[in-house]
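Here is the structure we will look at.
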Amino acid sequence: MLVEYGSEGKVSTKGDVYSFGILLLEVITRKKPTNEMFDADMSLTQWVGAATPDKVLDVMDRGILSTKHEDLMLPELKRIVLSILELGLECSKILPEERTDMETVMVKLNKIKLSLP
């Protein structure tokens with residue numbers, strides 16, 4: 372549960388940003404925050420955070436590569452995956468005031484999309 376929901380009982384767009392960040396992490400890793408590998412000592416965001424920036428390919432689900440992008444060079448693939456995971460982490464920060472806004476998220480997503488080969 373989000374910190375602001377438990378402490379303040381408020382619903383906000385920052386909660387939506389958090390959820391979107393978690394969704395980005397889930398899509399790239401193919402792991403849910405409720406996966407049995409996560410517990411009080413290790414969460415999805417901590418696991419991904421520990422892998423950035425050097426081990427992002429270790430947490431990426433290899434099944435997300437389509438035949439269209441199988442020929443991506445390793446540095447290109449790492450750069451793209453890192454960009455998406457960093458955005459997911461930026462959106463899913465614990466404190467709402469530390470999270471980015473959706474307008475900035477869209478700008479960053481478009482920038483990632485334009486960088487695709």
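The numbering of the sequence shown is our numbering, which starts it at 372 and goes up by one.
Just so it is clear, CB atoms sit at the ideal spot from N, CA and C, and this is done for glycine as well.
**Request:** Would you decide whether I491 is buried or exposed? Buried here means 16 or more other CB atoms lie within 10 Å of its CB.
**Result:** Limits of the chain in this structure are 372 at one end and 488 at the other, which puts residue 491 out of reach.
**Prompt:** Tell me which same chain residues have a C-beta within less than 8 Å of the C-beta of L460, skipping the five on either side of it?
**Reply:** G392, L396, T416, V419, G420 and T423
**Request:** Find the nearest neighbour of G434 within the set C462, R450, S463 and K402, judged by alpha-carbon distance.
**Result:** K402
**Request:** Give every residue of the same chain whose Cβ lies closer than 6 Å to the Cβ of K385, excluding the five residues on either side of it in the sequence, and list them in chain order.
**Result:** P467 and R470
**Request:** Could you tell me the distance, in whole angstroms, from the CA atom of P404 to the CA atom of S414?
**Result:** 7 Å
**Asked** If we count the other Cβ atoms within 10 Å of its Cβ and call it buried at 16 or more, is M372 buried or exposed?
**Response** Because the pLDDT of M372 is 49, which lies under 50, any placement of that residue in the model is unreliable, and the number read from its coordinates should be weighed accordingly. Label assigned to M372: exposed.
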